[in-house]
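Notes to accompany the following structure.
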Amino acid sequence: MLKNIRSLIFSSGESFNFRTAKKAILQRSEKSQFNKRVSERNSKLKLTTLIRRQFYTFGFEPWGLALFLLIMIPTVIWSAMPAPNDVLRASSLTPRIDTIGSIFQVLMIAAVCLVRNKERAAFRATPLVAGAVLCCLLYGASWVACGAANAAVIVGLTVPPCMAFLFFALDRKNGIALIPILGFAACHVIYAAVNFLQ
Numbered sequence: 014m015l016k017n018i019r020s021l022i023f024s025s026g027e028s029f030n031f032r033t034a035k036k037a038i039l040q041r042s043e044k045s046q047f048n049k050r051v052s053e054r055n056s057k058l059k060l061t062t063l064i065r066r067q068f069y070t071f072g073f074e075p076w077g078l079a080l081f082l083l084i085m086i087p088t089v090i091w092s093a094m095p096a097p098n099d100v101l102r103a104s105s106l107t108p109r110i111d112t113i114g115s116i117f118q119v120l121m122i123a124a125v126c127l128v129r130n131k132e133r134a135a136f137r138a139t140p141l142v143a144g145a146v147l148c149c150l151l152y153g154a155s156w157v158a159c160g161a162a163n164a165a166v167i168v169g170l171t172v173p174p175c176m177a178f179l180f181f182a183l184d185r186k187n188g189i190a191l192i193p194i195l196g197f198a199a200c201h202v203i204y205a206a207v208n209f210l211q
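Counting in my numbering, the sequence shown runs from 14 upward without gaps.
Shown next, in the form of structure tokens:
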């Protein structure tokens, strides 16, 4: 403070004047605060712009819908033509977990089909896409063998579809979809373990 007063008063050789010094210091302080507020506002705008540019937007993801429909084909066939003595139609022992899992499933499908990362690459064959396709094949094979209803079949009906969505979300850089995917996977595994693997 004293340094500011001296530089303002004596630098030009003028006589000492408290009013002039006080006014000059207040003006400098107000200007400094104004510049600080402007800088903070610009920082917030830059951060908002960065988030908008580099992350997510709403948009239709056709490959996400294709994956969902591919996963649903065996379920639709099973619903229309149930196998005799189908153990999968038994009453569930985990109704609350099933309800939570259904909520996560809806959120998962919405995120996979309607949320897009602006920095994702064009859809093409990658190891993650190959992993998703392999999981779909394992899932379909498990449905073909579901009459046996052994532990391997139950695991095949439970894990591969979750992994298919997980691989797809990773390939599309869709971090938002990972949360409902993992939530659905956890509920799906608990359901299978409690109802069929005990």
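Ideal placement from N, C-alpha and C gives every residue a C-beta, glycine not left out.
Residue i in three-state terms, based on DSSP
i, result
"Phe71", "strand"
"Arg129", "strand"
"Phe136", "coil"
"Cys210", "Note that residue 210 is Leu in the sequence shown here, rather than Cys. Three-state DSSP puts Leu210 in coil, outside helix and strand."
"Cys159", "coil"
"Thr107", "coil"
"Arg41", "helix"
Closest by C-alpha distance to residue i, when choosing among the options
i, options, result
"Leu78", "Leu183, Asn163, Ala123 and Ile167", "Ala123"
"Pro140", "Phe181, Pro87 and Gly196", "Phe181"
"Ala154", "Thr88, Glu74, Gly188 and Gln118", "Thr88"
"Arg133", "Leu183, Ile86 and Arg109", "Leu183"
"Val1", "Leu210, Leu147 and Ile90", "The structure shown does not extend to residue 1, since the chain spans only 14 to 211, so no value can be given for it."
"Asn130", "Asn187, Ala93 and Val202", "Asn187"
"Gly196", "Phe136, Ile84 and Ser115", "Ser115"
"Phe136", "Ser104, Leu191 and Pro75", "Pro75"
"Val119", "Phe178, Ser104, Ala143 and Ser92", "Phe178"
"Met94", "Val142, Ala205, Cys159 and Arg41", "Cys159"
Distance CB(residue i)-CB(residue j) smaller than 7 Å
i, j, result
"Phe71", "Leu127", "yes"
"Thr107", "Val207", "yes"
"Pro193", "Met121", "yes"
"Met176", "Cys148", "yes"
"Thr171", "Val202", "yes"
"Val125", "Ala190", "yes"
"Tyr204", "Ile84", "no"
Residue i, buried or exposed, once every other Cβ within 10 Å from all chains shown has been counted against 16
i, result
"Asn163", "exposed"
"Leu150", "exposed"
"Leu63", "With a pLDDT of 45 at Leu63, under the threshold of 50, the predicted position of this residue should be treated as unreliable, though the coordinate-derived value follows. That one is exposed."
"Phe73", "exposed"
"Arg102", "exposed"
"Arg185", "buried"
"Ile86", "exposed"
"Ile90", "exposed"
"Phe68", "exposed"
"Ala198", "buried"
Within-7 Å CB hit, residue i to chain D
i, result
"Lys131", "The chain labelled as chain D is not found in the depicted structure, where only one protein chain is given."
Any non-hydrogen atom of the ligand MG within 6 Å of residue i CB
i, result
"Leu179", "Of the ligands one can find in the structure shown there are none, so the ligand MG has no counterpart to examine."
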